[in-house]
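The structure under discussion appears below in the form of structure tokens.
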Amino acid sequence: MIKKASLLPALAFAAVGFGPALAGDIVNKAIEVENSLQNGQPVAALTAAEAVYDATWTAMPLSFAKATFTDGAADGYGRFTARESNVFSPSDQIMLYAEPLGYGYGETDKGFAIDLDADLELRTAGGQILAAQKDVSRLSHVSARPERAFHLSLSFVFEGLSAGDYVVAITLRDAHSDKSGAFELPFTVDSGKPKPRPGEGSAN
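Note that the working numbering has the sequence shown beginning at 1, numbered continuously upward.
As structure tokens, this is what we get:
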């Protein structure tokens, strides 16, 4: 049973393979960047470079630059402490951080809106689904320009898990495009009880 789940939205760059037409357009823009720099036109070069970035972002699938367990909640984009171990006790609050890429934008009277809906699954290491919850939260943000540095911070406690290996899977669905993307983080629940030595049995 999922006892608690909370998503804390806040305020990335990637290169992927595309079809020939789009790849050709990106290459042409890259050549324009180089030519503008050689001709002493830095502003034009920067504008062309931003066009390359925008085309890459729009065409790429919804992806993740980073996904990790954390010690405590993130203070903002890139401001988190990665957890050194993925081993938890049954009562531990589990926190994770991720940086999505490639999401779309909705235009509002206040600017560009990001809206991502999050789903959660808890699985055994073998793939059996133990718990699933759609629409855990909607991550939303509005900014004057399209925001690329956006993160999610998720915390939860799973009740009733016995010692063993598990996987938490998070899926984000973009409200402003047909994109969705997912990441998985394996973790272990350790009961904390001392294990019997070889040859020893448990006491009655």
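Note that CB positions come from ideal geometry on N, CA and C, so glycine has one too.
Since this is a predicted model, take the numbers as computed values, not measurements.
Check: Contacting residues, own chain, Cβ-Cβ under 8 Å from residue 4 (five flanking each side not counted); Outcome: Summary for residue 4: the model assigns pLDDT 40, below 50, so the residue's position carries little reliability; its value from the coordinates is reported in the next sentence. Cβ neighbours of residue 4 beyond the five flanking positions: 93, 155, 156 and 157.
Check: Contact set for residue 31: own chain, Cβ-Cβ below 6 Å, skip 5 residues either direction; Outcome: none
Check: At least three beta-carbon pairs within less than 8 Å, the segment 127 to 136 to the segment 105 to 114; Outcome: no
Check: Residue 97 beta carbon less than 9 Å from that of residue 74; Outcome: yes
Check: Neighbourhood of residue 44 by C-beta distance below 7 Å, restricted to the same chain and skipping five residues each side; Outcome: 36
Check: Assigned secondary structure, residue 38 (DSSP; H/G/I helix, E/B strand, else coil); Outcome: helix
Check: Whole-number beta carbon distance between residue 64 and residue 121, since they are thought to touch under 8 Å; Outcome: Residue 121 to residue 64, Cβ: 16 Å. No contact.
Check: DSSP state of residue 127 mapped onto helix, strand, coil; Outcome: coil
Check: CB of residue 105 within 9 Å of CB of residue 146, strictly; Outcome: yes
Check: Whole-angstrom distance between residue 86 and residue 191, CA atom to CA atom; Outcome: 14 Å
Check: CA-to-CA distance, residue 170 to residue 132, given in whole angstroms; Outcome: 10 Å
Check: Short Cβ contact (9 Å threshold) for residue 118 with residue 138; Outcome: yes
Check: For residue 149, three-class secondary structure by DSSP; Outcome: coil
Check: Opening and closing residue of the beta strand (DSSP E) in which residue 81 lies; Outcome: Looking at the DSSP string, residue 81 is not in any beta strand (DSSP E), and its letter there is neither H nor E.
Check: Buried versus exposed, by CB contacts within 10 Å (16 or more), residue 205; Outcome: Past the edges of the chain, shown from 1 to 204, lies residue 205, and the structure says nothing about it.
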